Amino acid sequence: METLKAPETLKVRVWRGDAAGGEFAEYAVPARENQTVLDVVTEIQREIEPTLAYRFACRVGMCGSCAMEVNGRARWTCRTHVRRVARPGEVLELRPLANLPVIRDLATDMAPFFDKWARARGQFQPKDAGDGAVPDDFAVVPPESKARREADAGIECIGCGVCYASCDIVAWNPDYLGPAAMNRAWTLVNDVRDGARGARLEAVSGDAGCHSCHSTQSCTQHCPKNLDPSSAIAGLKRSLFWDSLLGRRG
Amino acid sequence: MSRGAVHLWAAQRVTALFLGVAVAVHLVTIIIAVRGGLSAAEILGRTQGATAWFLFYCAFALAAGLHAAIGLRTIAAEWLGWRGRGFDLAWLGIGLLTGLFGVRAAWGLYVA
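Top to bottom, those sequences are chains A and B.
In this text, residue positions in the first sequence follow our numbering: the first is 125, and each later residue adds one.
In this text, residue positions in the second sequence follow our numbering: the first is 9, and each later residue adds one.
Set out below in structure tokens:
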């Protein structure tokens, strides 16, 4: 005869507070065979603490809005199984993403992150139709060309902010553009249809840009999409070096 | 400032490239001189009027001074928040000054 086992519990420490500060609160939820960190947060909010603030949308790793710091490392909570980050009996510790202002509890204000995309000139600027007109013909971009492959390598970024929260340079210099914005800039520098190469390289150079990167590669290590912003930033440095040396910077 | 940052970045990489070779030459020279049992007077005899060695050590000293100052500038900006044109000029001055100390030492060996 099967005996009924009492459900094991999972201890969770959740940072509660706002821009003025906060502290950890402890919760206990049933430990399940299969549960993601997002499931745990949702369970706390629905069953224990309805005022807990957090953010999610798709729950399947497409939108990037559920990123938080899980046991000291920024992750997508929807794609992180609890058993991958905490062994049985270990405590799960959740904080809002680092390097961003906290709105409340686990929800951060992403505005500075996206403002930096704009500052790094992350908008495509058509070479042939600067005024927004439709170009006469399709651009031919050979898939095997070097530029296309460089652009391909970084184009799947969904802007979750995990790299930004993992970057030491952002922590040290609040003006630093960060990995995602420069990864975006690098895909556009390699877009042969784009006409703003000079202005974009100007925007990402200097102490707030690629020249402050130490290539410690936390961004590359932590990117949930396995992108390599560190190499993108190195590409920007290379382009700026040769463009400056050869007098190609207007 | 961003143009300046490109130049500082390029200067630090180029000096690093040169220092890699120069440090090796410097160490090998020291080891050979010491193991060969040369006295101070004998070493001075070889450095006096040796224009190639003098120029090598001038380049070495200036590269080391600039390379170190650019690196310290970055650390000071990150850890102490020392940023801006005034600090940049100060670091450039410190780099050149430490480089010139080395040049002065090389000059001393050249004309001694």
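Each residue gets a CB set at the ideal place from its N, CA and C atoms; glycine is no exception.
Computed from a predicted model, the values in this text were never measured in an experiment.
query	result
With 16 other CB atoms within 10 Å as the buried threshold, where does residue 142 of chain A fall?	exposed
Against chain A, with Cβ distances strictly below 8 Å, would residue 9 of chain B count as a contact?	Because residue 9 of chain B sits at a pLDDT of 46, beneath the cut-off of 50, its placement in the model cannot be relied upon, and the point is left open.
So residue 349 of chain A packs on residue 281 of chain A, CB below 8 Å; how close in whole Å?	7 Å
Counting only Cβ pairs nearer than 7 Å, list the residues of chain B close to residue 354 of chain A.	Going along chain B, no residue has its Cβ under 7 Å from residue 354 of chain A, so there is no contact; the nearest lies around 16 Å.
Just by C-beta distance, which residues in the segment 219–242 of chain A are closer than 8 Å to chain B?	none
Can you find a C-beta in chain A that's less than 8 Å from the C-beta of residue 91 of chain B?	yes
Using the C-alpha atoms, what's the distance from residue 56 of chain B back to residue 116 of chain B?	9 Å
Cβ of residue 17 of chain B less than 8 Å from any chain A Cβ?	yes
What would DSSP say about residue 338 of chain A, mapped onto helix, strand or coil?	coil
Let me check one thing: in DSSP terms, what residues is residue 218 of chain A bridge-paired to?	A:138 and A:194
So is residue 87 of chain B buried or exposed if we call it buried at 16+ other beta carbons inside 10 Å?	exposed
Contact between the segment 180–195 of chain A and the segment 263–271 of chain A: three or more CB pairs below 8 Å?	no
Is there a Cβ of chain B sitting closer than 8 Å to that of residue 310 of chain A, yes or no?	no
Identify, in the order they occur along the chain, each residue of the same chain with its Cβ nearer than 7 Å to the Cβ of residue 232 of chain A, setting aside the five sequence neighbours on each side.	220, 221, 224, 225 and 226
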